[in-house]
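Here our numbering runs 49 ahead of the position in the first sequence, where the first position is 1.
All C-beta atoms in this analysis are idealised placements derived from N, C-alpha and C, irrespective of residue type, glycine included.
It should be emphasised that the depicted structure is a prediction, and the values quoted were computed from it without experimental measurement.
Presented below is the structure to which this report refers.
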Amino acid sequence: MAAILKGDTTVLPKEKHLLSQLTQHPMFLDLKKTLADDISKMESPFTVLPNKAKENKGLDEGELLDEFSNLSSLKNSKVSELETFYQTQSVTIETQRSDALSGLKVGKTNFGETESEVNKHFNEQTHHLVTRVSQSLELLKSSFALSGKEQKKSRQLNSRAIEIMSKWYEKHTDQPYPTEEQKQKMADEGGITIAQVKAWFANKRNRTFNTRPKRQQRQLEQKLNSICKDMIHEGHGKQYNMLDNIFDQISDIVQDKTSSVQHSIRYTAAGTKLPVARNLNAQYDMTFYSSNVNQYMNTM
DNA sequence: TCATATGATTCGTC
DNA sequence: GACGAATCATATGA
50 MAAILKGDTT VLPKEKHLLS QLTQHPMFLD LKKTLADDIS KMESPFTVLP NKAKENKGLD
110 EGELLDEFSN LSSLKNSKVS ELETFYQTQS VTIETQRSDA LSGLKVGKTN FGETESEVNK
170 HFNEQTHHLV TRVSQSLELL KSSFALSGKE QKKSRQLNSR AIEIMSKWYE KHTDQPYPTE
230 EQKQKMADEG GITIAQVKAW FANKRNRTFN TRPKRQQRQL EQKLNSICKD MIHEGHGKQY
290 NMLDNIFDQI SDIVQDKTSS VQHSIRYTAA GTKLPVARNL NAQYDMTFYS SNVNQYMNTM
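In structure tokens:
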């Protein structure tokens, strides 16, 4: 057919009779033009291959190209490498096919004596390549699925993002709560998601004991310690026993802060609601504690 | 192998 | 919905 389209006269003898009959047909010129137009519109050289090999398993050429197209948004280097490999090998096969078909005209080719034999050989090559590449692609895709699950946890954020967020945090330790716009800006500049920024700051505040409840706790502890020490120093004799009791409890809390036991302690602004410690050993009579400590605080 | 650091997730509270 | 606390899962270094 290629010879017919090109007007090539060097066709094999056994095809000459058929060709002669075809060229005499009144519709031949129209048919020739239609075929030439269709072929020129083909996007891929693979789609014009006769006897295209296609088995039940694996992708065909078009499906494989679609897969590459679908995965291109991932910008994964392995996929890119595989796609480049596929394209290079495809071009090599088609170049060899073209050379072999040209060689047929002068009677020298290692891939068959006829055009169909040559095409059959290179179709098999192409099919083999497509099978190999599609299998590799499937393996890559399954590794993505696996890494996607694993990525749920604990992958180090990039150093630029860490640097940006750390600098911001250091500048704002007194109020380490970025606005939505600031979070988005840090996410954009650091190349991470806003959710990662939020999680990073939540972790940072929590692990540096700089959340609102923990800051409040710290401030209250300092204040109470200061009050009690001052009052003991000043010798409020009649309240000494009570102060001694309170001071012991405050010391327990302050010392326990350094232990591995983490308390969930919440205060109101006025300090009326006192610690609800999760450590059973650190539970006190907070009603007593609260009412008396507040009396001292009010004297400040 | 264990301790520690860290990103992510879950759950409860406001 | 944001935040805090707790917890999980993984990486890393001693």
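- With fewer than 16 other Cβ atoms from the protein chains shown falling within 10 Å of its own Cβ, Gln231 counts as exposed.
- Excluding sequence positions up to five before and after Arg254, its CB lies within less than 7 angstroms of the CB of Pro225, Thr260, all in the same chain and listed in chain order.
- Put simply, of His176, Asn274, Lys247 the residue whose alpha carbon is nearest the alpha carbon of Glu110 is His176.
- Residue burial is scored here from C-beta neighbours: Glu212 has fewer than 16 other C-beta atoms within 10 angstroms and is therefore classed as exposed.
- Under the three-state reduction of DSSP, Leu206 is assigned to coil, being neither helix nor strand.
- Comparing alpha carbon positions, the residue from Arg181, Met214, Gly161 closest to Ala248 is Met214.
- Residue Tyr135 holds the alpha-carbon nearest to the alpha-carbon of Leu178 among Asn207, Tyr135, Lys220, Ala210.
- Distance between Val155 and Glu162, taken at the CA atoms: about 11 angstroms.
- Here Glu143 is not near Leu153, since their CB atoms are 8 angstroms or more apart.
- By the 16-neighbour rule on beta-carbons within 10 angstroms, Val167 is buried.
- Under the three-state reduction of DSSP output, Val155 falls in the coil class, being neither helix nor strand.
- Secondary structure of His221 (DSSP, three-state): coil.
- In this structure, DSSP gives Thr175 a helical state, which the three-state scheme calls helix.
- Where Phe250 is concerned, the enclosing alpha helix (DSSP H) starts and stops at 243–256.
- Counting only the Cα atoms, Lys263 lies some 10 angstroms from Glu270.
- The C-beta distance from Arg209 to Phe171 rounds to 49 angstroms, too long to meet the 8 angstroms contact threshold.
- Straight across, the Cα-Cα distance linking Gln174 with Thr180 is about 10 angstroms.
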